[in-house]
Amino acid sequence: MYATMINTLDDPDAGTAAFAAAAAATGTAVGTKASRRDRDSVTSRLKFLWDAYRTVLDVLRNNARLELLYQQTVAQAFAFCLRNARKNEFRRLCETLRLHLAGLPRAASQHNGINLSDPEVLQRFLDTRFLQLQTANDMELWQESFRSAEDIYQLLVMAGSLIAPNAANTPGAMAGLLPAALFTHKRHGAKMTQMVAQYYQKMTQIFTVSEDRLFLAAAWNKYQSWVGNLRGNAALGEQELARVASHVVVSALAAPVFSDPVDPDATYMRFNRKARLAQMLGMPDVPDRDSLLRDASAKGILGKVPAHVRGLYEAMEAGFHPLMVAEATRPHLAALEQDAAFAKYVPHLRTVIVASVLKNIASMYSTISLPTVLDLTSVSEGEALDLFTLERVVLLGNQKRQFNIKINYLTQTLEFVTETAAPDLASLLELPLFTAYIEQERHTVFERARESVEQEHQAALARQAVIEQKKIAAEQAEKRKVEEETRARQRKVAEEREALQKKMADEAAKREVERLEREREEMKRQEARKIAEALKAKSGMTIADEDLDKLDPQAIFALQAEQIRKERELLEGKMKALVKRADHFERAMRKEEIPLLHKAREEQKIADKLAFDETRKRIVEEAKERHATAVSIKHRVLRMLPDYQAYRAEAELGFQAEINAHKAECAAKIEAAKAKRREEVRAAIQAKIAEKKRKEEEAEAMRLAEAEAADEEEDQEEEEQEEERPKKWAPRAAGGAPAAPAAGGAWTPGQSRASGAAPAWKQAAAAAPAPAAASADKWRPRGAAAASAEPAAAPARELSSGGGWRRPTAAGGADSPAGPPSREGSSSGGWRRPGATPAAGDSPARMPPREGSSGGYVPPSRRAAGDAPGGGAARPAWTPKSKQ
Numbered sequence: 001m002y003a004t005m006i007n008t009l010d011d012p013d014a015g016t017a018a019f020a021a022a023a024a025a026t027g028t029a030v031g032t033k034a035s036r037r038d039r040d041s042v043t044s045r046l047k048f049l050w051d052a053y054r055t056v057l058d059v060l061r062n063n064a065r066l067e068l069l070y071q072q073t074v075a076q077a078f079a080f081c082l083r084n085a086r087k088n089e090f091r092r093l094c095e096t097l098r099l100h101l102a103g104l105p106r107a108a109s110q111h112n113g114i115n116l117s118d119p120e121v122l123q124r125f126l127d128t129r130f131l132q133l134q135t136a137n138d139m140e141l142w143q144e145s146f147r148s149a150e151d152i153y154q155l156l157v158m159a160g161s162l163i164a165p166n167a168a169n170t171p172g173a174m175a176g177l178l179p180a181a182l183f184t185h186k187r188h189g190a191k192m193t194q195m196v197a198q199y200y201q202k203m204t205q206i207f208t209v210s211e212d213r214l215f216l217a218a219a220w221n222k223y224q225s226w227v228g229n230l231r232g233n234a235a236l237g238e239q240e241l242a243r244v245a246s247h248v249v250v251s252a253l254a255a256p257v258f259s260d261p262v263d264p265d266a267t268y269m270r271f272n273r274k275a276r277l278a279q280m281l282g283m284p285d286v287p288d289r290d291s292l293l294r295d296a297s298a299k300g301i302l303g304k305v306p307a308h309v310r311g312l313y314e315a316m317e318a319g320f321h322p323l324m325v326a327e328a329t330r331p332h333l334a335a336l337e338q339d340a341a342f343a344k345y346v347p348h349l350r351t352v353i354v355a356s357v358l359k360n361i362a363s364m365y366s367t368i369s370l371p372t373v374l375d376l377t378s379v380s381e382g383e384a385l386d387l388f389t390l391e392r393v394v395l396l397g398n399q400k401r402q403f404n405i406k407i408n409y410l411t412q413t414l415e416f417v418t419e420t421a422a423p424d425l426a427s428l429l430e431l432p433l434f435t436a437y438i439e440q441e442r443h444t445v446f447e448r449a450r451e452s453v454e455q456e457h458q459a460a461l462a463r464q465a466v467i468e469q470k471k472i473a474a475e476q477a478e479k480r481k482v483e484e485e486t487r488a489r490q491r492k493v494a495e496e497r498e499a500l501q502k503k504m505a506d507e508a509a510k511r512e513v514e515r516l517e518r519e520r521e522e523m524k525r526q527e528a529r530k531i532a533e534a535l536k537a538k539s540g541m542t543i544a545d546e547d548l549d550k551l552d553p554q555a556i557f558a559l560q561a562e563q564i565r566k567e568r569e570l571l572e573g574k575m576k577a578l579v580k581r582a583d584h585f586e587r588a589m590r591k592e593e594i595p596l597l598h599k600a601r602e603e604q605k606i607a608d609k610l611a612f613d614e615t616r617k618r619i620v621e622e623a624k625e626r627h628a629t630a631v632s633i634k635h636r637v638l639r640m641l642p643d644y645q646a647y648r649a650e651a652e653l654g655f656q657a658e659i660n661a662h663k664a665e666c667a668a669k670i671e672a673a674k675a676k677r678r679e680e681v682r683a684a685i686q687a688k689i690a691e692k693k694r695k696e697e698e699a700e701a702m703r704l705a706e707a708e709a710a711d712e713e714e715d716q717e718e719e720e721q722e723e724e725r726p727k728k729w730a731p732r733a734a735g736g737a738p739a740a741p742a743a744g745g746a747w748t749p750g751q752s753r754a755s756g757a758a759p760a761w762k763q764a765a766a767a768a769p770a771p772a773a774a775s776a777d778k779w780r781p782r783g784a785a786a787a788s789a790e791p792a793a794a795p796a797r798e799l800s801s802g803g804g805w806r807r808p809t810a811a812g813g814a815d816s817p818a819g820p821p822s823r824e825g826s827s828s829g830g831w832r833r834p835g836a837t838p839a840a841g842d843s844p845a846r847m848p849p850r851e852g853s854s855g856g857y858v859p860p861s862r863r864a865a866g867d868a869p870g871g872g873a874a875r876p877a878w879t880p881k882s883k884q
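Numbering (UniProt numbering), first residue to last: 1 to 884.
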């Protein structure tokens, strides 16, 4: 089914001529003349066909029963890609086949799994892979050709391990990896040999394109070995065998003369390109030019080649002479140039001849003129070798370490540099003198080194530090530069990406608009075509296809409207005639049916009367029967009425008792819950009251503690001031003169000293007032009400005109002196706050002193605030006389 569908889609003859032309145009994408609509149609068909191939292959893979159909589908897919030049689809198809092949070992154990040990199955898989290689070569996809060759090699290796894992391998057959059973099979042995020969033929094409001359020669050598074993129809003729032998010899002669240096990683085969290629060609080691020529000579291939090829071999190998090789090879190279298949070897042969000449004369000459070398290497008739080719060969030989040649353009010579280990006589004579000189220099150097070793060490350390700093600075600068470049690159990439996205969005929007426009136009055309076909079917109107394409949808719609109008008019005429005919027919029928209706009415009345009487009689009889039945039932039920009533009363009493008990239980539960809630609320309130009381007591205790602490601090301050007071203060004498200083004299204003007045301390002091009576009221809050008359305010000190202190005038107007301003001793001893009421017997002119003290001192700050002793008016602060 799948194959039939794909054959139908893939057959160009099944469609129109436009399909075939557009398919070819789409495949080449060059010079197409088909319309855009045809190209879009063909492109969509090709995409659908490719999707069909891919889907079918995915369904048929890894199934032994469908394996033959799978191989046929793959072959058709290859033909599709080749016919339509679908290179991308061909690459994707090859990748799909590789994935399918990689999944074979996993699917082998499943039901209907493919078994590669079966020679027929292996033969079909190899046929498919060789077809893939052939298709890749025909499409000139050389990279894919090489990968296809790798696929063939892997498939052969896999098949060899499955067919005969313990069998002896065929020597020389694919590096000994393929078993002998694969080629001695009666049915598939010849086919297998032919396929391997075809494999080597395709490898020669791949290496020809890749210009790998060494492996090209190796591929031709292997191909000649396998093609000689072909038998029957697959065997080649003598002329073809001679041509293959010529390719073997010429490709070996054109192989590079210079070999690559030894690769230290050559033992690791999978990481070495040349070793991998040698494996693919079935060779145990990487071939070289000499081994290929020896192999060709040993197999007798030189006897099968034409005379000019054999002469070229003799001139380049057997009878090689560096001075005569150019002349000897000219006619043979000219003969090769006449054949298109061998003309591609001529440039490489010329290069090999030049390299061989240089390699030989490098051991014969030390210097040779450049024109001579050009003449010796001129292998073309009448044409000298160009200098560029010579330079390229010299550079390649130096690079491969085959010789060491220098080109001196000033002298136009080639200098062959040779290194010899044999010393000459002059160097031997100079050796003792040179040794003594060396010893002296060494001694001098060592002495100089001992002297400057520390200095050089420090200089080296400093230089190392500088180098490290410069290195760090350079790394930082490089890092900054890299970061800046990275940011700039990221910005640029972001801008380009944004621009690309914008461009793609614009193009997508444009394509979407164009697609919608095309769809609208197509829909209009389809609708117009449908309308035209409908008109043609209904009215017989004939519209040619070319006229239909010329008409626009509006014209077709107009034709449709005209046709509809004509049909409507015709239908209206028919309907009018039909209505008129139906009207006359109805009137005639009604005239004829009037007598019949009267007769039917009378008959109906009689039938209705009989039916009514019969129905009434039946209803009455049924009612009488129902009444009699109901009466009998009532009499039977009345006997059970007392029992029912008694049971109902008993049941109601029991139900009521249950309800009352439930109500009482609920009421008890509610009362208990209320009592519990009241207790909880009462406990919470008491707890809150206790907590509040506790907090108040704690606050009161803290307040009292703070007050006591403040009192103790004030008492301590007052005691300290009292200790210092007797030394700095004494009561004033009467008359306003200052009292004598406590120690060391006191200060006297300058005015008093200038007027000759005696110092106040020399005058007699007034009698000190009597101490206040003892009072049990040691402490009273400030501002408390007095129990008796307020005492006189303690006078504040002022500056008198005589320069001493004098007390302010008493409240009664007398200028009498007052006692000490703050404290005096008392019998009770104690401290009264300013403003407190004095006890009985206290002097109105002074405050009772604190217990155990001889007087008191009120700080100026408290005097300014009005806290004067005795609770009277505060004494004014001291101010100099000049400020009064």
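Idealized CB from N, CA, C, for every residue including glycine. All values reported here derive from a predicted model rather than from experimental measurement.
| Query | Result |
| --- | --- |
| Buried or exposed for Arg309, please, with buried defined as at least 16 other CB atoms from any protein chain shown within 10 angstroms of its CB. | Residue identity differs from the one stated: residue 309 is Val in this sequence, not Arg. Val309 comes out buried. |
| Could you compute how far the alpha carbon of Ala739 sits from the alpha carbon of Ala699? | Reliability fails at Ala739, whose pLDDT of 45 lies under 50, so the model's placement of it is uncertain and the value that follows must be treated cautiously. Near 49 Å, if we compare the C-alpha coordinates of Ala699 and Ala739. |
| Alpha carbon to alpha carbon, what distance is there between Gln716 and Pro876? | At Pro876 the pLDDT is 45, less than 50, meaning the model places this residue with poor confidence and gives no usable figure here. |
| Compare the C-alpha of Ala335 against each of Thr96, Val250, Gln239 and Leu241 and name the closest. | Val250 |
| Out of curiosity, what's the CA-to-CA distance linking Ile368 and Leu312? | 27 Å |
| For the putative contact between Gln71 and Arg106, defined by C-beta atoms under 8 Å, what is the C-beta separation to the nearest angstrom? | About 20 Å separates the two Cβ atoms, so there is no contact after all. |
| With DSSP collapsed to three states, give me the class of Phe78. | helix |
| Have a look at Pro256 and Ala341 and give me their C-alpha separation to the nearest angstrom. | 20 Å |
| Within 10 angstroms of the Cβ of Phe130, are there 16 or more other Cβ atoms? Answer buried if so, exposed if not. | buried |
| Thinking just about the alpha-carbon of each residue, which of Arg677, Pro119, Asn221 and Met158 is nearest to the one in Gly103? | Met158 |
| By the DSSP assignment, the alpha helix (DSSP H) with Glu238 in it spans what residues? | Glu238 to Leu253 |
| Sort Asn360, Ala664 and Thr351 by Cα distance to Leu396 and report the nearest one. | Thr351 |
| Is DSSP giving Glu415 helix, strand or coil here? | strand |
| Please classify Ser117: does DSSP put it in a helix, a strand, or coil? | coil |
| Return the Cβ separation of Ser356 and Phe416 in integer angstroms, given the expectation that the two are a contact with Cβ distance under 8 Å. | Contact doesn't hold; Cβ gap of about 15 Å is too wide. |
| How is the beta strand (DSSP E) around Ile353 delimited, first residue to last? | Unbroken run through Ile353 is the alpha helix (DSSP H), Val346 to Ile361; no beta strand (DSSP E). |
| Can you name, in chain order, every residue of its own chain whose Cβ lies under 8 Å from the Cβ of Glu514, other than the five neighbours on each side? | none |
| Run through DSSP, which three-state label would Asn408 get? | strand |
| In the DSSP assignment, the alpha helix (DSSP H) including Ser225 goes from what residue to what residue? | Arg213 to Val227 |
| Quick check: the Cα distance between Ala494 and Lys479, rounded to an integer number of angstroms? | 22 Å |
| Looking at Ala252 and Ala217, is the spacing between their C-beta atoms short of 7 Å? | yes |
| Could you please give the first and the last residue of the uninterrupted alpha helix (DSSP H) stretch that includes Thr372? | Leu370 to Leu376 |
| So what's Ser380 in DSSP terms, helix, strand or just coil? | strand |
| Could you tell me if Cys666 is buried or exposed, where buried requires 16 or more neighbouring beta carbons within 10 angstroms of its beta carbon? | exposed |
| With three or more C-beta pairs closer than 8 Å as the rule, is the region 126-140 touching the region 66-83? | yes |
| Tell me whether the beta-carbon of Thr208 lies closer than 7 Å to the beta-carbon of Trp220. | no |
| Taking Cβ to Cβ, would you say Ile405 is nearer than 7 Å to Val393? | no |
| Taking its Cβ as the centre, do 16 or more other Cβ atoms sit within 10 Å of Met504, making it buried, or is it exposed? | exposed |
| Could you compute how far the alpha carbon of Glu314 sits from the alpha carbon of Leu293? | 12 Å |
| What does a CB cutoff of less than 7 Å around His348 pick up in its chain, not counting 5 residues either side in sequence? | Arg213 and Ala254 |
| Return yes when the Cβ of Pro331 is within less than 7 Å of the Cβ of Ala361, no when it is not. | Per the sequence shown, the amino acid found at residue 361 is Ile instead of Ala. Contact: no. |
| Compare the beta carbon distance of Leu333 and Val346 with 7 Å and say whether it is the shorter of the two. | yes |
| Which same chain residues end up closer than 7 Å to His247 when comparing Cβ atoms and leaving out the 5 residues on each side of it in sequence? | Trp220 |
| If you follow the alpha helix (DSSP H) that Leu398 is part of, which residue opens it and which one closes it? | Here residue 398 is Asn; the residue named in the question, Leu, does not match the sequence. Run containing Asn398: Leu387 to Gln399, per the alpha helix (DSSP H) assignment. |
| Taking the alpha carbon of Ser225 as the point to measure from, which residue in Glu572, Asp295 and Leu461 has its own alpha carbon closest? | Asp295 |
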